[in-house]
């Protein structure tokens with residue numbers, strides 16, 4: 008009789024365990040689907056309220072989810088971006104990194120900035136407070152680095168917008184458009200006043216190249232250069248087949264300043280003022296080229 012009574016108790020025990028297991032599974036699935044469908048608008052609003060966004064970042068009208076969404080407008084520092092689309096890696100985010108495929112779709116508008124490609128960076132790199140202001144010793148072991156990695160990255164931007172962030176050797180208003188294609192790059196942004204180049208493979212084209220130099224309009228057609236690293240500086244090696252005859256290496260150094268080392272021989276079709284200005288570069292070599300150093 009006692010055995011007959013104990014049997015239902017065993018069944019009830021098994022049934023309770025099954026219910027707990029099923030409940031845990033459903034709770035896990037509910038949390039999982041809640042996270043993967045987390046609205047981008049809600050996340051951005053919460054970040055704004057808690058001052059979690061860097062002060063130089065503004066995001067407007069986000070739609071979609073945090074993992075795959077779009078913002079009608081985004082401002083980073085002084086750069087305005089429209090129709091920004093992204094896809095985020097959840098695994099990398101849990102590891103404290105941002106791994107995203109982005110697209111800013113204004114490629115058909117010559118005066119707008121557009122970009123696309125894969126970006127990987129630590130979340131700490133977005134915060135100015137995390138920037139290491141110590142001098143760059145060149146020893147990776149002395150301090151952690153904030154490395155931005157770019158893969159299959161394309162940037163299209165008006166020439167005057169890019170020039171605004173550079174210290175040029177002459178007072179010139181650049182016109183046209185820069186087309187930058189980067190197959191792969193690793194950039195160290197740990198130092199606040201410098202961009203250290205760890206790896207760079209790509210090229211840059213100055214399309215419809217025009218320059219207004221001291222009131223003189225100069226049509227250069229197009230210029231192109233290959234991108235690489237030299238002494239941890241981003242380096243451009245110009246293709247000499249251009250109207251300036253510029254065969255030079257340009258380096259981006261501290262505080263967005265540039266150095267130039269090479270030669271140039273302006274095409275005969277360029278204005279007389281360009282040829283007259285060559286006298287300030289000294290005497291030409293046997294090939295008629297003038298040394299350019301700055």
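In the numbering used here, the protein residues as written are 8 to 301. We put the beta carbon where it would ideally sit given N, CA and C, even for glycine.
Span of the beta strand (DSSP E) around residue i
i, result
"residue 238", "It is not in any beta strand (DSSP E) - residue 238 carries neither H nor E in the DSSP assignment."
"residue 109", "104 to 111"
"residue 298", "297 to 300"
Paired residues, beta bridge with residue i - DSSP
i, result
"residue 158", "125, 191"
"residue 165", "184"
"residue 221", "DSSP, once it has assigned bridges, lists no residue as partnering residue 221."
"residue 230", "213"
"residue 292", "Paired residues: none, contrary to the question."
"residue 245", "232"
"residue 153", "For residue 153, which the question treats as bridged, DSSP gives no partner whatsoever."
"residue 281", "Per DSSP, none; premise fails for residue 281."
For residue i, three-class secondary structure by DSSP
i, result
"residue 50", "helix"
"residue 70", "strand"
"residue 99", "helix"
"residue 44", "coil"
"residue 255", "strand"
"residue 270", "strand"
"residue 286", "helix"
"residue 92", "strand"
"residue 86", "strand"
"residue 118", "coil"
"residue 202", "coil"
"residue 132", "helix"
"residue 275", "coil"
"residue 174", "strand"
Alpha-carbon spacing of residue i relative to residue j, whole angstroms
i, j, result
"residue 27", "residue 33", "10 Å"
"residue 81", "residue 244", "33 Å"
"residue 176", "residue 106", "37 Å"
"residue 220", "residue 290", "22 Å"
"residue 204", "residue 57", "34 Å"
"residue 274", "residue 252", "7 Å"
"residue 65", "residue 86", "10 Å"
"residue 100", "residue 54", "15 Å"
"residue 297", "residue 168", "29 Å"
"residue 42", "residue 84", "30 Å"
"residue 282", "residue 271", "11 Å"
"residue 302", "residue 91", "Outside the displayed span of the chain (8 to 301) sits residue 302, for which this structure offers no information."
Residue range of the alpha helix (DSSP H) that includes residue i
i, result
"residue 261", "Looking at the DSSP string, residue 261 is not in any alpha helix (DSSP H), and its letter there is neither H nor E."
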